[in-house]
Amino acid sequence: MRVLVTGGAGYIGSHVVKLLGEQGHTVMTYDNLSTGNAWAVLAGELVVGDLADTTLLQATLRDFAPDAVMHFAASIVVPESVSDPLKYYTNNTANTLKLIQAVVAGRVPHFIFSSTAAVYGMPQQLPVSESAPLLPINPYGTSKMMSELILRDCAAAHPGFRYVALRYFNVAGADLSCRIGQAYAMPTHLITRGLKTAQGVFPELLIFGTDYDTPDGTCIRDYIHVDDLASAHICALEHLAGGGASDIFNCGYGRGFSVREVVRVMREVVGYDFPVRETGRRAGDPAALIADSRKLQQSLGWKPRYDDLHTMIRSAWAWEQHYARRHQRP
Ligand code: UDP
30 MRVLVTGGAG
40 YIGSHVVKLL
50 GEQGHTVMTY
60 DNLSTGNAWA
70 VLAGELVVGD
80 LADTTLLQAT
90 LRDFAPDAVM
100 HFAASIVVPE
110 SVSDPLKYYT
120 NNTANTLKLI
130 QAVVAGRVPH
140 FIFSSTAAVY
150 GMPQQLPVSE
160 SAPLLPINPY
170 GTSKMMSELI
180 LRDCAAAHPG
190 FRYVALRYFN
200 VAGADLSCRI
210 GQAYAMPTHL
220 ITRGLKTAQG
230 VFPELLIFGT
240 DYDTPDGTCI
250 RDYIHVDDLA
260 SAHICALEHL
270 AGGGASDIFN
280 CGYGRGFSVR
290 EVVRVMREVV
300 GYDFPVRETG
310 RRAGDPAALI
320 ADSRKLQQSL
330 GWKPRYDDLH
340 TMIRSAWAWE
350 QHYARRHQRP
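Counting the sequence shown from 1 gives a position; the numbering used here is that position plus 29.
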């Protein structure tokens with residue numbers, strides 16, 4: 030198939046581009062390189078462009094004539110979304126609307142959307158299933174929820190347009206051959222922050238909040254390896270190509286780890302106790318998020334391969350060491 034990947038130079042998008050290429054699909058990445066990197070695009074062509082550039086976007090869709098669009102390009106930092114909500118409604122909701130308009134007008138039949146567990150807010154029941162109410166508690170989650178609703182309504186109105194929204198839980202780890210991984214200038218996610226602290230890039234890792242209603246007081250998340258998440262996208266593509274209906278799937282493993290547990294495993298993997306300090310809560314964090322991902326496994330035949338926190342952190346650590354050498358960090 031011919032697949033246009035927005036955000037294909039970013040962390041998750043680049044792992045999906047890699048897998049699409051390995052499986053023989055023809056890939057084109059559309060990325061403004063604001064947080065992505067050209068070197069991360071391991072398959073197909075890269076078009077450097079912004080989703081807000083409607084002229085370039087339409088021309089790219091016309092010339093490439095994809096069978097499917099996978100849409101990763103977005104802003105993803107929860108606390109930033111609280112302090113700068115308009116950035117999130119612009120980059121995530123308004124730009125997704127522009128993309129969907131171009132996709133529907135260009136008669137691209139299939140759309141795969143990067144959504145998030147943040148659309149659930151603070152779920153009443155864990156693990157949370159796809160039918161749980163959407164009650165986001167931060168602008169990031171709201172910006173993604175609005176995009177999901179646009180997709181739902183467009184699919185209802187345009188019979189030639191079908192979509193899958195994948196709700197990601199906490200994505201971690203890296204390509205096992207260290208070709209790609211997280212490469213943000215200012216990482217905010219727990220595992221990257223922790224491993225960079227172990228490397229001395231940051232003086233200490235802060236644990237945000239120890240008074241949550243969880244067994245050890247710190248937040249619980251369902252961490253999923255980025256290559257398992259990538260394979261979920263292939264399942265979604267095959268589902269749509271095979272005539273499957275528009276649908277929504279959680280992407281996680283169905284179990285959670287607290288921040289303290291993740292810190293313990295990071296310290297084990299790196300081999301020493303890098304500095305950690307407990308501090309107050311961070312804005313916008315729900316206490317616990319764990320996926321019920323049975324639907325993805327049962328309906329789409331998804332088979333996770335790296336459901337192990339040590340494996341995930343080891344692959345992230347190998348990547349961080351490789352990345353530091355490449356960028357000659359101390
Ligand atoms: N977290 C932390 N210290 C950090 C980064 C994150 O304690 O430096 C916590 C954060 O408060 C949340 C969990 O780790 O409870 C996961 O946060 P992350 O930013 O990795 O992902 P999110 O769940 O926000 O998408």
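Even glycine gets a Cβ: it sits at the ideal position worked out from N, Cα and C. Keep in mind that this is a model prediction, so the values were computed, not measured.
Approximately 7 Å separates the beta-carbon atoms of L90 and V137; this is inside 8 Å, confirming the contact. Remark: C-beta atoms of N167 and V111 approach each other more closely than 8 Å.
At the C-beta level, D60 and A94 stay beyond 8 Å of one another.
Considering only R310, G238, P315 and L195, the residue with the shortest C-alpha distance to P152 is P315.
R311 has its Cβ nearer than 7 Å to a heavy atom of the ligand UDP.
Going by C-alpha positions, I141 is about 15 Å away from H44.
DSSP, reduced to helix, strand and coil, places M295 within a helical segment of the structure shown. A residue is called buried when at least 16 other Cβ atoms come within 10 angstroms of its Cβ; G65 meets this threshold and is buried.
Shown here for A265: same chain residues with a beta carbon closer than 8 Å to its own, the five before and five after excluded, namely I141, V193, L195, F278 and L329 in chain order.
Rounded to the nearest whole angstrom, the CA to CA distance from L48 to E297 is 30 Å.
Excluding five sequence positions before and after R311, the CB atoms of its chain that fall closer than 6 Å to its own CB belong to P108 and F237, given in chain order. Here I319 has L155, P156, D251 and G285 as same chain residues with Cβ atoms under 6 Å from its own Cβ, once five neighbours each way along the sequence are excluded.
For V46 and V56, the gap between their C-alpha atoms comes out near 7 Å.
Beta bridge pairing from DSSP links I141 with M99 and V193. Any heavy atom of the ligand UDP within less than 6 Å of a residue's beta carbon puts that residue on the list, which reads V107, N199, T217, H218, L219, R222, L234, L235, I236, F237, C248, R250, V288, R311 and D314. The beta carbon of Q87 is closer than 8 Å to those of A131, A134 and G135 in its chain, skipping five residues each way along the sequence. Taking all protein chains in view, the Cβ of Q211 is crowded by 16 or more other Cβ atoms within 10 Å, so the residue is classified as buried. The continuous alpha helix (DSSP H) containing T125 extends over residues N124 to A134. Taking 8 Å as the cut-off, the beta carbon of V148 is found closer than this to the beta carbon of G170. A contact between stretches requires three or more CB pairs, one per stretch, nearer than 8 Å, and the region 253 to 264 meets this requirement with the region 335 to 346.
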